[in-house]
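Take a look at the structure set out below.
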Amino acid sequence: MKQQPAEGAAEIRRRMKVIRGELSGDIEGIAAQARDLADWKYHVRRHPWGVMAVVAAAGYLFVPRRKEIISPDAATLAKLADQDRLVIEREPKAKSRGGLADMLIAPITAMLLRSAGNYLSMKFGELLQDKADQSGAEPELRAAPPPSPAQRPR
């Protein structure tokens with residue numbers, strides 16, 4: 006009868022080891038899936054027509070309409086002046102309206118700056134790691150190795 010609890014404990018340890026192995030694989034899969042979902046190129050490759058539809062709808066909604074310029078005759082001007090609805094701007098404000106290239110410069114510049122920042126921080130981290138490895142100093146942020154089965158509390 007005393008053999009059964011020991012066998013049960015060994016079975017539980019074996020099952021826990023299998024579950025830990027499965028969890029690490031699951032976590033890696035979830036992390037890869039999250040990276041894919043955060044990458045805009047993944048969505049363009051996977052759903053090109055949907056992305057094009059969203060971009061076209063955004064362009065339709067956010068690009069302002071052209072102003073209609075009316076050249077009224079003298080009678081219409083007189084009628085509007087009598088109704089106090091005539092507004093005359095002596096020097097209309099000049100609006101520089103950029104084209105498609107100007108609209109794309111800001112997001113592309115932001116993306117390039119973000120990528121450059123990520124690259125520089127990665128290189129800086131590698132430099133710090135190399136310095137720590139060369140000096141033999143133990144980095145402070147390392148996780149402790151898991152305890153061996155003999156060290157685990159029962």
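When we follow the working numbering, the leftmost residue of the sequence shown carries the number 6, and every step to the right adds one.
C-beta atoms are modelled at their ideal positions from N, C-alpha and C, and glycine is treated no differently.
Following the DSSP letters along the chain, one finds I110 inside the alpha helix (DSSP H) bounded by residues 105-140. Boundaries of the alpha helix (DSSP H) around H48: 45-51.
For K84, the enclosing alpha helix (DSSP H) stretches over residues 79-87. Here the C-alpha atom of M108 lies approximately 10 Å from the C-alpha atom of V68.
When secondary structure is reduced to three states using DSSP, R40 falls in the helix class.
The beta carbon of G30 sits closer than 8 Å to none of the beta carbons in its chain outside the five residues before and after it. In this structure V56 is in contact with H48, their Cβ atoms being roughly 6 Å apart against a cut-off of 8 Å.
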